Structure formats: structure tokens, C-alpha cells
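A.B. asks:
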Amino acid sequence: MTLLEISGLSLAIRGTPILRDVSLDVAPGQIVAITGESGSGKSMTALSVMQLLPDGAETTGTIVLDGTDLMTLSEGEMCDRRGNDIGMVFQEPMTALNPVQTIGAQVAETILIHGAAGRAEASQRARAVLDRVGLEAFPLDRYPHELSGGQRQRVVIAMAIALRPKLLIADEPTTALDVTTQAQILDLLRGLVDDFGMGMLMITHDLAVVADMADRIVVMKDGEVVEQGETQALLHGMTHPYTRMLFEASDHVVDLPEASEGAPMLRVDEVIRDYPTPRPHLFAPHGRFRAVDGVSFIMNAGDRLGLVGESGCGKSTLTRAILGLEQIQGGRIELDGQPVFTGKRPNLAVRRKMNVVFQDPYGSFNPRHRVARLVAEPLHLLDNPPSGADRARAVADVLEAVHLRPSDADKYIHEFSGGQRQRIAIARALINRPELVVLDEAVSALDVSVRARILDLLVDLCGQFSLSFLFISHDLSVVRRITDRVLVMQAGKIVEEGETEAVFTAPQHPYTRALIAAAPVLPKIEALRA
Amino acid sequence: MFRYALRRLSSLIISLAVASLVIFLVVEVAPGDPASYMLGINAQPDTVAALRAELGLDVPRYQRYFDWVSGLMRLDFGTSYTYRTPVAEMISDRMRVSLPLAVYALTLSTLIAFPAGIYAASRRGKAGDTAVIGLSQLGVAVPNFWFAMMMVLVFAINLRWFSAGGFPGWEKGFWGGMKALTLPAISLALPQAAILARVMRSSLLDMLDEDFMRTARAKGLSRRHALWKHGVRNALIPVLTILGLQFSFLLAGGIIIEQVFFLPGLGRLVFQSISQRDLIVVESVVMLLVFAVICVNFLVDLAYAAVDPRLRTRT
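Order-wise, the sequence lines are chains V and Z. Numbered according to our numbering, the first sequence spans residues 545 to 1074. Numbered according to our numbering, the second sequence spans residues 1216 to 1530.
(1) If we define contact as Cβ-Cβ less than 8 Å, is Z:Leu1436 a contact residue for chain V?
(2) At which residues does the alpha helix (DSSP H) containing V:Asn899 begin and terminate?
(3) Taking the alpha carbon of V:Ala996 as the reference point, which residue from V:Gln964, V:Ser1010, V:Arg977, V:Ala971 has its own alpha carbon closest?
(4) Do the CB positions of V:Phe885 and V:Glu1041 come within less than 8 Å of each other?
(5) Looking at the unbroken beta strand (DSSP E) that takes in V:Met742, where does it start and where does it end?
(6) From the beta carbon of Z:Val1447, is the nearest beta carbon of chain V less than 8 Å away?
(7) In this structure, how does DSSP classify V:Ala720 when only helix, strand and coil are distinguished?
(8) Kindly give me the distance between the Cβ atoms of V:Pro829 and V:Lys897, rounded to whole angstroms, as I take these residues to be in contact under 8 Å.
(9) How about V:His689 and V:Glu854: do their beta carbons lie closer than 8 Å?
(10) Using Cβ-Cβ distances below 7 Å, what residues of the stretch 1040-1066 of chain V are close to chain Z?
(11) Relative to the alpha-carbon of Z:Thr1294, which residue among Z:Ser1488, Z:Arg1527, Z:Gly1340, Z:Leu1517 has its alpha-carbon at the smallest distance?
(12) May I ask you to list, following chain order, the residues of the stretch 622-654 of chain V that have a beta carbon less than 7 Å from some beta carbon of chain Z?
(13) Does DSSP put V:Met1033 in a helix, a strand or coil?
(14) Quick check on Z:Thr1530: does DSSP put it in helix, strand or coil?
(15) Does any C-beta atom of chain V lie closer than 8 Å to the C-beta of Z:Pro1524?
(16) Count the other C-beta atoms from every protein chain shown that fall within 10 angstroms of the C-beta of V:Gly887, then say buried if there are 16 or more, exposed otherwise.
(17) Taking 8 Å as the threshold (beta carbon to beta carbon), is Z:Ala1433 in contact with chain V?
(18) Compute the distance between the beta-carbons of V:Thr863 and V:Asp739, then report whether it is under 8 Å.
(19) Flag this pair as yes or no: are the beta carbons of V:Thr1077 and Z:Phe1427 separated by less than 8 Å?
(20) Name the chain Z residues that come within less than 8 Å of V:Leu596, Cβ to Cβ?
(21) Look at V:Ala577 and V:Ile761 and say whether their C-beta atoms are less than 8 Å apart.
(22) Kindly list the residues whose CB is nearer than 8 Å to the CB of V:Thr1044, restricted to its own chain and excluding five residues on each side of it in sequence; keep chain order.
(23) From what residue to what residue does the alpha helix (DSSP H) around V:Val939 run?
(24) Between V:Leu1066 and the rest of its own chain, which residues show a CB-CB distance below 8 Å, the 5 nearest in sequence each way excluded?
(25) Between which residues of its own chain and V:Ser993 is the CB-CB distance below 6 Å, once the five residues before and five after are set aside?
(26) Would you mind telling me which residues of chain V sit closer than 9 Å to Z:Asp1516, beta carbon to beta carbon, in chain order?
(27) Roughly how many angstroms lie between the CA atoms of V:Gly831 and V:Thr821, to the nearest whole one?
(28) Please list the residues of the stretch 686-705 of chain V that have a C-beta atom closer than 9 Å to any C-beta atom in chain Z, keeping them in chain order.
(29) With 8 Å as the C-beta to C-beta threshold (strictly closer), list the residues of the stretch 1405-1426 of chain Z near chain V in chain order.
(30) Could you give the C-beta distance for V:Val566 and V:Leu553, rounded to a whole number, given that I count them as a contact under 8 Å?
(31) Can you tell me which of the three DSSP states Z:Phe1377 falls into?
(32) What are the residues in the stretch 794-807 of chain V lying within 8 Å of chain Z by C-beta distance?
(33) Look at the alpha carbon of V:Phe902 and the alpha carbon of V:Val1003, and state the distance between them as a whole number of angstroms.
(34) Assign V:Ile975 to one of three DSSP states: helix, strand, or coil.
(35) At which residues does the alpha helix (DSSP H) containing Z:Ser1488 begin and terminate?
(36) Quick one: does V:His658 have its CB under 8 Å from some CB of chain Z?
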């Protein structure tokens, strides 16, 4: 018996084809995961089921839910189905809730608009649903901003399941969450599917999550389904080269060259970074929030050091302090024996020795500058910056080093894909031959195949430039592959430090153990074949 | 919420103190001695000195500042140099026209702008939206005095529904006063409504792209319901900001409209006082306007907090 049957679904938005002949089924109590890289059409497939496509969308095919073809329903009839027969959970819990309404009202709204209960009963039922998703401790009159990301995602789930829909669509439900929170939310979703006998259509790019959760896997690429099947069958006998490429790229092993034994380069000593919090009352002094609390470590030249921790643990704050962007309230940070921050501003003599690559390849470039200017920007830190032909040659060299063409220097940033932009960001970080490159979640926003190539590039550059880098990430599997040593940070403190492999195979601190246990693991392809 | 209000209130008091000092200093350093201006260029030096003493201009500046401020607190604004009547009386006479006019105009502009903005946003890109944008373009572009004169031409001269100008006073009855203020209020309101409608529309359109609007649709709300239940309140913040600015402007900014309709309002009082070097009136009116602006801002701040719970906890 099938609950949802999509067959021959094609979609074009303003004439541009988005989906081609997509067919898949979901049975009651079954979790079907659609996976693929960005632009593969997996979210659009979900929105087609909801009939919440952007303006100008034209669809053909059939989407049959419980015997009714949703494509033939009017908008009014569809409104009756949404929230009632189909619930949906979204990726970004921080923005998915109305900031000016209480969580109780938002959950009760699902019940009220479908006329399932009166106001008083609706609010009772909202209470019950919030309890079911694990928010027993939260009164109905809380506002979303008083909740953490994981808690907000629970509210979104509560809204989606308030009327016990037959089908739950979850679009990247845990992508924006930390690993430990992700594990809890995935548990919750699986529990709901079992308890309610719902069918679940889950969209995610994370193959480890897919392998862990799904009964069936649908792999999409460029708007088409390239392969689908029962999870175990598909994992053991993937036939399509794209599927295999995806799995291999997700677990891409790099050949990190042997680290050279260098002299101590970056010395972080008992660093404290406080933020002022609002005054408790009008004439009281500001309170303090200690984001980095007595952190010490030494990084040698040639080190590939990882820094892992969950959001809010202070890793970004520590990064900014190391880059000399902010003043610290205690301790010392020195590069080659010189402080990174002097007086009220960064010490330029030190600043030129390090550069940074940020997470978002779309937000970290000025869109009005050409690539040549973007890449050459760090050169102004030098005493005698090269000009004219020298400068052009420096830009060309560094673009070639990141496997782009020298002619790309004349283009604007919007002409490049996400992966290419991240290469440009790396080129920018390398142009003045820094001693230290800080990679702040530098591959986190990239698709697995692109990420694999960027990791290869980093390894390649390690050889070319005898690179030392500090690799900051929440993604444990990547850190494990690309670093020699790792620091684990929790609540502003380094709780564990050591050789990467040693830390991952035999974690000492309970927090490290919890992190590693919570991270979903991709089954090894070789093991599956054996 | 209470603490938030208290903080806004303390910043209100500080703003007032700073504003009073700045106004006093600016007016003081402005060229032109009121005494010699009043007596004409041929006046004898000792006559001028005597008048200066009489007007209280001969005491030290800081003394005059404190006298002025403490007077303000007792609602004693001093005596006009030109008319020798209490400034408080002159201002209160004018406020009886200007304040109702401003409130009237603001009410009209809100009543026009909110529905127009919401209607346009709910019909993005369709004919209704285009019509609202076009009209608001026109409202912003055409000067309000031109509107005023056209309305006088149509409604006062041709149709004879309203009088062309003047103000009978509230003594003759509420409706008579309101009737006299109607044409001026409409001409003040139209350009304001045009701006406000655009802000409302674009603010709402921003909201339509928000994730929580998609969540609302996924719950089963229709497009229109989602807009009303989740969009409008979130869209209000920028609208409230503009509304606050507009009220302050309407209170004193209607000089031209007051001239067109021959209304005895605050704007005209300031204009006359400046040309007659009646500094004490200028100071007092400006201070009053500053007071009004700061109070309106305070109310807008409170309104923000009423709309947006995130602001209540932030101090």
C-alpha cells in the first residue's frame, strides 16, 4: 500500500526545466530520503507535493496522496490538506517561526485553522503536542527568541504533526543544527514516524544521515532521479556512477603529506575573551559573558591543526582573537613572538603573516570588484606591495595554484560557482604567502563533491606552500581527514587536545565522546561490498 | 517591558536636556539683538540698554538659560518681545489648530496608507499593485500646496462644500472646526500617505519572502490569511518609524499649507517670530516641537516593544 505516489513529475519555472520525470513512492510508516547535491531538485520535489512552488511554476505528472491527485486540487482544497494531511518541517529553525507570536499560539494555529477544535481545546492540544516533542518545560507563552535552535526545530515539528498528518515532509531538518542536537531531532522524527504510522519524505544532502534514517533512498541529480531503492540494497549495490561518486566524495580520503617538524609559531596563552552583557539595571555595570575562557595551545610551523566544537562554544570568537580582529581581556596571543594585537588595533607586522577563509562563499566577496582586485587585497599589508605587472603576475600565479585560469582575474564574483568562489577565497588567503591560514568552516557550505575537491586542493597546497593551517569546523569527519592535531572546545574551554587519530579513536573527555557518538557515520563502501 | 519603558524614559529626559541647551545656544549666537531690532536703527544706546534690562537680556547667559528652563517647567515661557503677551498663551492658541490638524492628517494618512499598502503587497505585480505604486509615485512627486490649491478650487470655489481658508475657532462648535481643517488635513495627508503606503508595501513584501510565511502556508493558511496573521504585525516596525517621523513633521511642517488656508498655526507663528527677532517665542516653540518629537519617539519605542517581543527583553 502506498501513501504518496509521485509519478512522472516534471516542473519548469518560467520556462526553465527544474524537474524531469520524477517518480517515487512513500508507504505509511516508511522513511524515504531524497538526497543529492544543491540544485538537484530535491527541495522542489518536496514543495511540489505541498503545492507551494514559486510563482511561474508549471508542473505535469501526478502526485497521489491517499488516493487523491494533489495536482487536480484547487488552492482552497490544497489549503485544507496542508497541515492536516501533510505536515512540513524546514531547514532553518531560527527563521521558520513567526518572531512576534508565542510558540503556543503558533502550534495551536495549525489546529484552529483546520477547525479541529475550539480555542481552549486547541491550546490544550498544543500543550500535549509540545510535550510529545520534548518541550515539557516550556510554557505556551514563550516566544521563539527565548528558545535555542534545537528547541525551535521541535516547535516547528510540533506544528507539523499537531493534526497527525499522514505524510511528514522534512526538508534538511537537521542541517542547521549541531551534531548532538541533530541526533536528538532525528530520534524524535523516527519516534514520531513509528508512533503515528506516518510516512516521511526526508530531504537531506547528508549521506550519513540518509544511511542512518531512511528505509528507502532516492538519489537525484539535475532534476532527475538517477537511482532509488531500499537502503540496504542500494548501499550494497549502487549501480549509478553518480551515486557512487556521492558516497565516495562524502568519505573522501585525502593523502595529507607528512607534517614537517617546525618551530613554535602561534602561541595562545591563557586567552580570555569577555563580552559585555546588558546592565542588570540602569546604573549597574555591564555583566560579562566569557566566550573564551583560559585557552592555551601552541601551533608549530607546518602544523595542520583542527578546532572542533558545537555552535556557541567560542571557536569563532577565538578565531577572531587569533586574527587580531578583537582585543582580548586576558592572556596573550603571539605569532613568531610578536603580539597579534597592540594597543587598540591589530599589529600589522603580524597581521600580514596570516589570512583567513570564511564559510560563506557567497557573502565574503565585494560583488562590485573584479577577481584581480579581490585576490590582491591582502597585498596592501605588505610594506612594498607589488604593482603593475608584478601584481598581475602574483594574482595569476595564485589563481593557477588553486586551479583556476589567470584570465579569471578579469571576471566578477557572480560569474563563479560556490566551489570556484571558495577557491578564489583560498587564493586571496595565499597571495601574500602567509605563515598561517585560518580556515573558518571553509568547506561547510559546499556540496560533497565540491568539498572533496577543495580538500584535495588544500592537500596539494600543503605541498606547494608548506602551508600551516588552523581548520575550524563543526564537521568531525572532515577535521579527522585534514588535520594532524585537533583541539576540542566546549563552553569556551579546550577540553581535549591531541593527535587527530588518537583523539578520534580513543577520546578521553566525555564531551568528545558524546560528540563522536552523536555524529552519524557513513558506512564504508568497501565494507558494504564485502 | 516596564524596565524597557523606564530606559526609554531616561533617554527621553537626557535628550530633552541636551536639546534645550543646544537650542538656547543656537538662538543666542544667532546675529541680531532683539532690543535694537525692536527699537529700530535710530534708537539711542541708553534706550536699547534700558530695553535689554527690561527684557532680561543683560544678565549672564547661564543665568538666562536656567531661568528659561525653570520657566519651561512651570509652563512659563516668558513674554514675547514683540507682542508683550505671554508666550505660553500665544503657543496654546496656535496649538489648538496645529495639534488637531496634525492628528487629523496623520489619521487620514494611516487610513489611506495601510489598506493601500496591504492591498498592493497582496497583489504583487498585478494591476492593483501597479495602480497603488503609480498613485503613490504621484503623491510623492506633486507638492502638497498644489493639491491644496486644487482642492480649494474644486471643493471651496466650485462646489462650495468647504470654506477656502481661515479657522472659525473651536468655540463655534467641534464640527465647524473640523470642517475648516478638512481640506488642509487632506492636503497634508496625501503625500504622507503615499510614502507610508510604499513603506507598508515593501515591508510586507519583505515579510512574504520570510521563512515563517512559508511555515504558515505549510500549516494550511491561505496566502491572504498568512499575510494578515503573520505578515502585517512583523511589517509594522519600519512603518511605525516612518509614522513617528511624519507626526513630528506634520506638527510644524505645515507652514505652506497654513499659509494657503490662512490658518493661525504653529508654523506661521515660528515664521513670524523669526522675521521679527522674537527670540523667546522662537526658542519656546522650537523647544516645544523638540519635546513633541521626543515624546512621539518615546511612544514609537513603546509601540515597537508592543509589536515585537524581542525588544522587551533587550535593554
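Quick reminder that beta carbons are idealized off the backbone N, C-alpha and C, glycines included. It should be emphasised that the depicted structure is a prediction, and the values quoted were computed from it without experimental measurement.
C.D. replies: Result, derived from the coordinates:
(1) Chain V, which has a Cβ nearer than 8 Å to the Cβ of Z:Leu1436, makes this yes.
(2) Careful: V:Asn899 lies outside any alpha helix (DSSP H), inside the beta strand (DSSP E) at 898-901.
(3) For the residues V:Gln964, V:Ser1010, V:Arg977, V:Ala971, the minimum Cα distance to V:Ala996 belongs to V:Gln964.
(4) Not closer than 8 Å, so no.
(5) Per DSSP, V:Met742 belongs to no beta strand (DSSP E) and is neither H nor E.
(6) Chain V contact via Cβ: absent.
(7) Coil, per DSSP.
(8) At roughly 37 Å, the Cβ-Cβ gap does not stay under 8 Å, so V:Pro829 and V:Lys897 are not in contact.
(9) Cβ atoms of V:His689 and V:Glu854: not closer than 8 Å.
(10) Against chain Z - using a Cβ distance shorter than 7 Å - the stretch 1040-1066 of chain V contributes no residues.
(11) Ranking Z:Ser1488, Z:Arg1527, Z:Gly1340, Z:Leu1517 by Cα distance to Z:Thr1294 puts Z:Ser1488 first.
(12) Shown in chain order are the members of the stretch 622-654 of chain V whose Cβ falls below 7 Å from a Cβ of chain Z: Cys623, Asp624, Arg626, Gly627, Asn628, Met632, Phe634, Glu636, Thr639, Ala640, Leu641, Asn642, Pro643, Val644, Glu653, Thr654.
(13) In the structure shown, V:Met1033 sits in a strand (DSSP, three-state: E or B).
(14) Because Z:Thr1530 sits at a pLDDT of 43, beneath the cut-off of 50, its placement in the model cannot be relied upon, and the following sentence gives the value as read from the coordinates. Three-state result, Z:Thr1530: coil.
(15) Yes, contact with chain V.
(16) Label assigned to V:Gly887: exposed.
(17) Any Cβ of chain V closer than 8 Å to the Cβ of Z:Ala1433 would place that residue at the interface, and such an atom is present.
(18) Taking C-beta atoms as the reference points, V:Thr863 and V:Asp739 fail to come closer than 8 Å.
(19) Nothing can be reported for residue 1077 of chain V, as the shown portion of chain V is limited to 545 through 1074.
(20) Chain Z residues near V:Leu596: Arg1429, Arg1432, Ala1433.
(21) In this structure, V:Ile761 lies closer than 8 Å to V:Ala577 by Cβ.
(22) The answer, listed in chain order, is Gly850, Val1023, Arg1024, Thr1027, Asp1028, Arg1029, Val1030.
(23) For V:Val939, the enclosing alpha helix (DSSP H) stretches over residues 932-945.
(24) Shown here for V:Leu1066: same chain residues with a beta carbon closer than 8 Å to its own, the five before and five after excluded, namely Leu751, Ala752, Ala755, Phe791, Ser794, Asp795, Ser1021 in chain order.
(25) The answer, listed in chain order, is Ala793.
(26) Z:Asp1516 does not reach chain V, its nearest Cβ partner there being about 16 Å away, counting only Cβ pairs nearer than 9 Å.
(27) It is roughly 5 Å from the alpha-carbon of V:Gly831 to the alpha-carbon of V:Thr821.
(28) The stretch 686-705 of chain V vs chain Z, Cβ under 9 Å: Tyr687, Pro688, His689, Glu690, Val700, Met703, Ala704.
(29) Residues Glu1425, Asp1426.
(30) That belief holds up - the Cβ atoms of V:Val566 and V:Leu553 are roughly 4 Å apart, short of 8 Å.
(31) Reduced to three states, the DSSP call for Z:Phe1377 is coil.
(32) Cβ contacts with chain Z: none found.
(33) For V:Phe902 and V:Val1003, the distance between alpha carbons rounds to 18 Å.
(34) Residue state, collapsed to three classes: coil.
(35) Z:Ser1488 -> alpha helix (DSSP H) spans 1481-1490.
(36) Yes - at least one Cβ of chain Z is within 8 Å of the one on V:His658.
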